[in-house]
Structures are given as structure tokens and as C-alpha cells.
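Asker: One structure is given below, represented as C-alpha cells, and several questions about it will come after.
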Amino acid sequence: MENFICHNNQVFCILFFFFYYVCFQVNSLSSSTSLPSYSPNTTHYFLCPPNQSFALLQFKSQVTVGSTPQYYCDPNSSDKTASWMESTDCCSWDGITCDEVTGNVIGLDLHCSLLKGTIQDNSSIFQLSHLQWLNLGFNNFNGSKISPEIGRLTHLTELNFSYSKFYGPLPTEISRLYKLTSLDLSDSSFLISIDQQNFDLLASSLTRLTALNLGGTDMSSVKPSSLLNLSRSLMVLDLGNALIQGELPEEIFRFPNLQELYLYYNAHLTGYLPNSNWSSHLRILYLSYTNLKGEIPDSIGNLKCLEVLALGGCKFTGLIPTSVGNLTRLTDLKLFSNYLTGELPSSLSKLEKLTQINLYENMLTGQIPNIFVNFSLSPPSDPQFPCPVNVLSHLTNLDLSFNLFNGSVPSWLFTLPSLEYIDLSNNKLTAPIEQVDLGLPNSLRAVHLQNNHIHGSIPTSIFKLVNLTLLDISSNNLSGTVKFDLLSKLNNLQYLDLSNNNLLSFSSTSNMNYSMPNLTSLRFSSCNVIKFPMFLRTLENLQWLDLSNNRICGPIFKSESEGWKNLTYLNLSNNFLTYIEHHPWKNIQILDLQNNRIQGSIPIPPPSIEVFLFSNNSLSGQIPPSICKLTSLQYLSLSDNNLRGTIPPCLGNFGTGLIMLHLQKNNLQGVIPDTLANASLLKSLDLNSNLLEGPLPRSMTNCTQLEVVNVGNNRISDTFPCWLGSLSELKILVLRSNRFFGPLCDFDEVDLSIFPFQSLRILDLSHNEFTGFLPSRNFARMEAMMNADEDGSGGQYMVESYYSDSVSVTMKGGEYMLDRILTIFTSIDLSRNQFRGEIPEVIGKFKSLLVLNLSHNSLTGNIPLSLANLEALESLDLSFNKLDGRIPEQLTSLTTLEVLNLSFNSLWGRIPQGNQFNTFENYSFIGNKGLCGEPLSAKCGPSSDYDEEDKIVIEFDFQIAAIGFASGLAVGTSTAYCIFSTGKPRWFVRMVEGKRPIKKVRTCSQRR
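Reminder that position 440 of the sequence shown reads as 1193 in this note's numbering, one-by-one numbering, no gaps.
Below, the structure is given as C-alpha cells:
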């Protein structure tokens, strides 16, 4: 009986499940099972519970909808909540997924839905307790913290709040979501912060995680070692740009299931790559722009699944390991901006799936090897005819720029079928560009070969690359003539740069109508062009034209400029232009006509002009008031002309846009207008060498961005402008050769908060009528003089986009024009005034000072011992003062000192010997009756330690020395010049190559 019952029960169970299965299949056929969400037209047999439908509608009412999708979203993204209607079932709404049995809302996907607003703790979204996945990514919930109420959604397996502008600390309640397999809180603004305690709690609780993305959060307080506490089931770990700092443990590369690791843009993350036991599943390794270092280990070749290897912008050294050739699935190789050396390994030819190779900014050497092609035999019976077969047939991008490659530009590079971008610029390639046999279709769009040493002519095969949009072969040694009939075959060309070569201008058939309809940028600087090429008239879409540094003479005729109507940039500087008959540049924004011979009045460009550079010409007349209508003007240079009259007060009416105003070396008169103070963004003001009078306008303190004030060589009469000390950005102050008078300001202790002249690097007060003492407290505030290279920018020039500041300095016995100024150049010139008192000891703290000139004053006392601390000093002039005492022996430690002038003081005792002092001539010490020893002819007595009261006879006849001083000065000056020209200081070699004449005089014949 029991068996019968059990048997009947089994039969009943079988029948029950059979009928249930049939019903389920019927239901499945009438409902969509392929997608997790449902459209309004979907038929289904379950309904959304009313309380959940109400919660969703309430959430919709709490947010607004914007008009612009967030970054990374489809431009056509729309509001998914638009389909949420009270009269319809919520399971049919966009972005909603319901359980097929219960109807409960288990999925909410509103990413890229244009939503805006805040999510408070009482948000109805937290009432959806059955949610398994929640995606609010790429919206704008700016001002919302991640609510601790998120911990109520304990069924969540996927949570995505990425790029939705949540902010604040990560709530600990996240750790309650122990079912999470995917958590994405990434952003790009460090709005979400995660501290050590919170991260440890997250790592210990979320043990099911397979994907964790915290990129762009603030994890600066999280120790990298705590990453080892994360779940070993992790497949994806993204901590890019998360401010992690410290040493990365190698064990992170050994997580058993890890497939994707992103740690990029963590500049303070250090460590090394492991030598063994990598995770064998790694597909993507993205470590660019970290501080990882050491050699790339051979063991990296064991990552047979690797598809992306990105180690750019780190500190890796040594060779590229040959084992990289084992990564046969690799599609993207990024090793740029490291310190890699040696030649490219031939094993790279095995990487047939590569699409990107970026090795720029390393120290790779040798010729570019034939690693991108293999050679098969054709015909098979004749081994004398090898035919290349492309190996990297999928390669689209090859960047080997900024290395040390030499030899030739291989022609086979141009034959790779998928290659679109080649960059071999900034190497040491020398051989001519080889002719290319383009038998097959070519995909090349951009070719960069600039800044090499390539010689020979431009091969005609280059002009067969018909898909080119960019060709840059500037700054080489190319020669020959550019044939425009070939050039015009590049119909798709948009950017062409042939500048700085030895080309012999252009040739074309005059009766042919050439057209390059897509060309927008054309650069022929320093190409020996002698007249405007005729084809320019047909380039109607041309926006950027650079013909600077050529030999174009005479006027600009209207017929020559007909094709320039759409130009926004025109550079004709450094030619021999004399007159502008017509200027049709109605859309011009940048106009550079510097260093020509253009005569007449100032041609006024249209209101669109932003950069107007007209220096070193022969302009005459006054600056017309109509120039003040150029309301977009940012950079104005009219220096080195013959302009007269006054500075128009309306120049200050450019509003906040004016950045540079250079009017030096003209004949401008009158006062400096107060209205210049309206230009609150003004950085550089140069009015040097005019006839300006009156005081400096105090209103200049409104120009808080000022870096350069040069009013030297005028007739300005004023006291020292103490008020300029409040300009925290001021780096150059030149008041020389004016009529300034009175003492320098001595800031009281109550002014310590002002930090006067803290950024000053060049101070020139020479040739004025200043009096009084040199106040120590002023010098104590000049922090930039103490460490001018604090930010490590010693090799950079003080230069803006469209100008470089220049200044004349007196040093080493002469006056020199520095056309460009290095940020490390520091100079103090207080010569030819009436200063008295002692030299302040605090000057010895100026360890960055290169030039110190206190000559022709009435300074007294001893030479301070602290001057021996000026370890960078190259020129020291204390001549024509009333200094007494001995020359400190400590000054011999100044091994950088090239010129020393202590003449005509009251110094006495033995001249120190050793180091640079052994190179100084007698003119450095002449005029001091009490000095003896080499290089002077006066011999010292038997004791070198005599005091002033000692009666030791100095064998020195000052009268004889004075008689010989005239001829000696000539010899000394010549010697100084020889020393200066043969032993240039480091900063000078980078800055200027000898003297620059006051006015360049050139002729067309000379240029030819």
C-alpha cells in the first residue's frame, strides 16, 4: 500500500510539473525573454506592484530633465522617464526590469537619461527593496551625497553611480550590500572620497565582487597595500586617477582571476613590475602616467591573453624585452614617455594583431628595422627576388617620435595597408626619403617627419598619397623645388608644413588652374620664397598662412591677396615688405608683420583681431584713436618704429582682454595714461626708449597680473614706486635711465603680509638719482632671487603664446639685449645712483643671482662675506664706490664668476688667489691704492697678514697705474670680450648668441 501511495505521489508530481512546464512555455512565447527590460508594447502576464509604481513616479517628480547629455553618452540620448505614465504598468516603462513571476521591480537603468537634481535620504528610490541592479550613471546629481539609505537595497548585485557628480565621503552602509558583484563609482573630479577605514570595510564585506571601479575618486588616504584585501574573485579593477600614493604591492598582479587592471594617472604610485607569477588571465594592463619604474621584465611575455599593454608616462628603463613578441593577441602597445633604450626588438614582427604602437619620447636608437614586413620568395624557384609581405596588416597608428633613430625613412612604412598615422618626428633621421612604390591602395592620412636632418629632395611618390590630410616635413635639410602641379594632386590635404628647409621656392605652370579645396593651413616659413606664390589666390578655404622668414620684397598688392579673405592667421614677419596696398583679411585674428620695412601709418585691422604684431618696421605718424575700436585685442606690439605723439588713453578701454602692450623704441611723448589700469589682465608693459614724462600712474596696481614693467630710457620723474610691491606676479622691473629720485622704500614690520617684490627676478634701477641706504628688509622679501628655479622650470623662457619679453642688461663690461629671458635669469643693477651706506648682508641669500651691479655709487664699509654664498653669480661689479677693507678670501669659492670689477674703491691687502681669481686681469682691481699681489704690479710685503696699521711698504705706484689705465682699459675690454665670447655661461648659451644690434639693417640682396 505504501509503495502504491508513493508511486501515485510520484505520478502526481510528474503530471504537476508537466502541466506547469507547458503553462510556462505558453507564457514565455507571449512575452519577451531576450531582454531584461520591457517596451510599452510588450505583452506580459504579471503586473508591477502599485507601491513600487508609485515610488518610481515619485522619484520622477523629484528630478528634472536637462537638454544636454553627459560626456560619453550618445548625443541622441533621451529621457527614459518620459515613458513613465501613471495609467500604464511600470514593467513596460523604459529602464525598468521586473521579475517575471512576482512583478517586483528588480532592475532600474537610467544611465544617460539627462536627469538633474538631488537624491535625498528620503528618496523613494530606496523603497524599491527588490532591486538587483541599479544604474544612475552619466546624469547630473550635483550636490547629492551617496545616501546611507543605499544600505537598504540588500539584494543589489550591480550598482553604478559613475559620472553623475555625487560627492562626499563614501557611506559605510555600502558594505551591507554583500551580494554586490559589480560596483562602479567612477568620476573624474575626485568628488567622492574614500578613507582607509571605509575602504577596509568595503574590501572585507564585498567578497563577491568581480568588478570594482573607483577611478576618479579621492583615495589619497588609502594605502596601496590594502588593495590586497580585495576579493580574489575580482576580474576587473579600475582605480585610475584615484590619487593613490605609495608603493604598489606586486601581489596585485597575481590575483588569480584578474583580467583588467587600470591604475593610470596616479602620479605618486610607485613600485615595480613582478618578475614572475603574473595572473595568466590578464587582458588589459593600463598603468600609464604612474611612477612605476625599473625594467620591463621578460616575464611580461607570459601574458598570452594580453590585448592592451599601456605603460606610457612612467619611469621604466632598459631595453624593450624581446619576450613582448610572445603577446600574439596584443592590439595596443603604449610604452611612450619612458627612459627605454636600445633598438626595437625584431620580435615585434610577430604581433600581427597590433593596431597601435606608441613608443614616442624614449631614447631608442639605431635604424628603424624592417620588423613590420616579412619577406617571402616570389617566384618560389628563384631566391633572388624576395617580395615583402605585410605582417602588421591591421596597424593604424605608429608613433616613434622624440627618440634617437637614425638612418633613412623606410619606404615600406608607407605601404602598410591599414596605416593611417605615421610620426617619426624629432629623431636623427638623415638619409633622403625613399621613393615609394604604391601598387596597392593606401590609407595614410597623416605623416609627421619634422625636426630631423633628412636631406635630398621631396620624392614625387609622396604626392601619390592621395588620402593625406596632413603632411609635415618641416625643419629638415630638404632641397629642390616644390612643384605645385604635383602638390595639387593631394586634394584631401588640410595641413601642409614645409618650413625651415633649403627649398628653392615653388614652380608651377602659370596657365593651369590648380585647386586644393580642403587646404586650411599652409606653412612655408624659411623656404627661400621670393614672392607670393600664385596658387595662394585659389585657396579660398585657407585659414592659416605662414610665409615668415623668407625674402619677399616690395608691397602687398591687392591682386596678390585676393585669396586671403578667409584667413584667421597670417604671418609675414621677417621679410622685406615695404607697403600694404590692400588688406582684405576681414576675419583675421592673428596678424604678424614684424621685422619688415613697411612704411606709412598704422593699417588698422578689423575688430576680430586678437594678436597685432607690427614691431621693427618704418611706421610713422601717431597711434590713431581708431585702434581703440579693436575690442578683441589681446596682444599689441608697435615697438621699433618711428611713431610719435602720445599714447592714446583709450588703449585701456580694451577691457580685461589686453595681455601685452609693447610700444618701446619709438618717439612717444607725454605721460603714461592712467586708463591703462583698466586692462586688469595685462601681463607685459614695455614702454622702454621713448620720451615719456611725468610719474608712473599709481592706478597700475589694478593690473594684478603684471609680470613685466619696463619704462627704462624715458624722462619719467618720480620717487621709487613702492606700491608696485603689491603685484605678486611681477618678475621684471626696469626703471633705468630716467629721473627717479629719493630713497628706496623701507617696508615696516607691519607690512610683512604684503610680501613686496616676492617674484622679482630682474631689477634695474641704474642711471637714476636714487639716494639713501639699501634697505635690508626690501631685499629679504625677494624670494625668487633666492631660488629662481624652485618649480624646476630652469630651461623655460618667460614667453607667452605670441610674444617673448626682451630686456637690455649691463653685465661683463658691456650692454646686451636678451631677446628671450630664461626663468632662472636673475639680475640686480643699482649702478650709477647715489646710494650710500653698507652693502646689505642679506644679498648673500640670493643663491640664484647671476648678475649684481652696484657700481658708481657711494657705498662704504667692507665687502660682505655673505657674497661668497652667491653660488650662481657670474658677474659682480662693485667698482667706483668707497668700499674699504680686504677682499674676502671666501670669494674664491665663486667658481661660476666670470667677470669681477672691484676697481676704484679703497680696498687694501693681498688679492686672493685660486679658482676664478687667477683669471682676472688688473682692470678688475685698479684704483685701489692699498691692494697688492697678482695681477697688479704692486708687490706685497713679507707678511700677508698685515693689518691696516702695519707699516709694510706696498711696492705700488698708483700714478703709473693711472697713466696706463687708458690703454689698459682697452686691452681689458678686449680681453673681457674674449672671455665672454669663448666661455659663455650656461644660461647665456640657451638665451642669446652674441649681441643683437639695436636696429637690423638688411637688404633683399643680402638675403638672397
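Just so it is clear, CB atoms sit at the ideal spot from N, CA and C, and this is done for glycine as well. Being a predicted model, the structure only gives us computed values, none of them experimental.
Just the Cα atoms here: how many angstroms apart are I1121 and R1276?
Answerer: The alpha-carbon atoms of I1121 and R1276 are separated by roughly 28 Å.
Asker: Here's the rule I'm using: 16 or more other beta-carbon atoms within 10 Å means buried, otherwise exposed. How should A835 be labelled?
Answerer: The residue in question, A835, is exposed, as its Cβ has fewer than 16 Cβ neighbours within 10 Å.
Asker: Report, in whole angstroms, the separation of the C-beta atoms of K1635 and S1611, which I expect to be a contact under 8 Å.
Answerer: Yes, they are in contact, since the Cβ atoms of K1635 and S1611 sit about 6 Å apart, within 8 Å.
Asker: Can you give the Cα-Cα distance for Q1012 and T1084, rounded to whole angstroms?
Answerer: About 15 Å.
Asker: According to DSSP, which residues form a beta bridge with S1580?
Answerer: The partner list for S1580 (beta bridge, DSSP) reads I1515, V1604.
Asker: Quick one: grab the DSSP three-state call for C1685.
Answerer: In this structure, C1685 counts as strand in the three-state DSSP scheme.
Asker: Should R1769 be labelled buried (16 or more other beta-carbon atoms within 10 Å of its own) or exposed?
Answerer: Because the chain here runs from 754 to 1761, residue 1769 falls outside it and cannot be looked at.
Asker: Determine which residues share a DSSP beta bridge with N893 and list them.
Answerer: N893 pairs with K869.
Asker: Using 8 Å for Cβ pairs, my map puts S1214 next to V1235. What's the rounded Cβ distance?
Answerer: No, S1214 and V1235 are not in contact; Cβ-Cβ is about 15 Å, not under 8 Å.
Asker: Hey, out of E1315, W1317, E1482, whose CA is closest to E1536's CA?
Answerer: E1536 has its Cα closest to that of E1482, out of E1315, W1317, E1482.
Asker: For the putative contact between A995 and T970, defined by C-beta atoms under 8 Å, what is the C-beta separation to the nearest angstrom?
Answerer: About 5 Å; that satisfies the 8 Å criterion.
Asker: Would you list the residues sitting across from I1485 in a DSSP beta bridge?
Answerer: Partner(s): V1461, I1515.
Asker: Which residue's Cα is closest to the Cα of S1379: L1404, F891, L1323, L1605?
Answerer: Here the closest residue by C-alpha is L1404.
Asker: Can you tell me whether H740 is buried or exposed, with buried defined as 16 or more other CB within 10 angstroms of its CB?
Answerer: Absent from the model: residue 740. The displayed extent of the chain is 754 to 1761, so no value can be given.
Asker: Excluding the 5 residues preceding and the 5 following N1028 in the sequence, name in chain order all residues of the same chain whose CB lies nearer than 7 Å to its CB.
Answerer: Excluding sequence neighbours, N1028 sits near P1050, S1052.
Asker: What residue from F1473, E1651, G1680, N1019 has the CA that sits closest to S941's CA?
Answerer: For the residues F1473, E1651, G1680, N1019, the minimum Cα distance to S941 belongs to N1019.
Asker: Spell out the partners DSSP gives Q950 in its beta bridges.
Answerer: DSSP lists no partner for Q950.
Asker: Do L1346 and F1367 have their C-beta atoms closer together than 8 Å?
Answerer: Their beta carbons are under 8 Å apart, which means L1346 touches F1367 by this criterion.
Asker: Mapping the DSSP letters down to three states, classify P922 as helix, strand or coil.
Answerer: Residue state, collapsed to three classes: strand.
Asker: With DSSP collapsed to three states, give me the class of K1311.
Answerer: Of the three classes helix, strand and coil, the one that applies to K1311 here is helix, per DSSP.
Asker: Please name the residue, chosen from Q1342, F1578, H1208, that lies closest to N1254 on a Cα-to-Cα basis.
Answerer: Taking only the C-alpha atoms, the option nearest N1254 is H1208.
Asker: In the DSSP output, which residue or residues are listed as bridge partners for M1535?
Answerer: Answer is none; M1535 lacks a bridge partner.
Asker: Whose C-alpha, out of L992, L930, P1360, W1317, is nearest the C-alpha of L1022?
Answerer: Residue L992 is the option with its Cα nearest to L1022.
Asker: Starting from L861 and walking both ways along the beta strand (DSSP E), at which residues does that stretch end?
Answerer: Note, L861: beta strand (DSSP E), 858-862.
Asker: Rounded to the nearest angstrom, what separates S1279 and S1252 at their Cα positions?
Answerer: Using only the alpha carbons, I get a separation of about 6 Å.
Asker: State yes or no: is the C-beta of L1157 within less than 8 Å of the C-beta of K1181?
Answerer: Yes.
Asker: Between which two residues does the alpha helix (DSSP H) containing L809 stretch?
Answerer: Residues 803-815.
Asker: Tell me whether Q1375 sits in a helix, a strand or coil according to DSSP, three-state version.
Answerer: It is a strand residue.
Asker: What's the gap between the Cα of M988 and the Cα of L1001?
Answerer: Looking at the two C-alpha atoms, the distance is approximately 18 Å.
Asker: How is M1453 classed by DSSP in three states: helix, strand or coil?
Answerer: Residue state, collapsed to three classes: helix.
Asker: By how many angstroms is the C-alpha of I947 removed from the C-alpha of G870?
Answerer: Going by the C-alpha atoms only, they are around 23 Å apart.
Asker: Quick check on this structure: which residue in N1220, L1256, K1068 has the alpha carbon closest to the alpha carbon of V1282?
Answerer: The residue with the shortest Cα to Cα distance from V1282 is L1256.
Asker: Please state if the CB of K1087 and the CB of C1067 are separated by a distance shorter than 8 Å.
Answerer: Contact flag unset, no.
Asker: Could you tell me the alpha carbon to alpha carbon distance between D1427 and M1116, rounded to whole angstroms?
Answerer: D1427 and M1116: Cα-Cα distance of roughly 54 Å.
Asker: Would you mind listing the beta strand (DSSP E) stretches within the region 1141-1192 that are 3+ residues and don't spill past its ends, in chain order?
Answerer: Entirely contained in the region 1141-1192, the beta strand (DSSP E) runs reaching 3 residues are, in chain order, 1150-1152, 1159-1162, 1174-1176, 1181-1186.
Asker: Quick one: what's L1045 bridged to in DSSP?
Answerer: Its beta-bridge partners are G1024.
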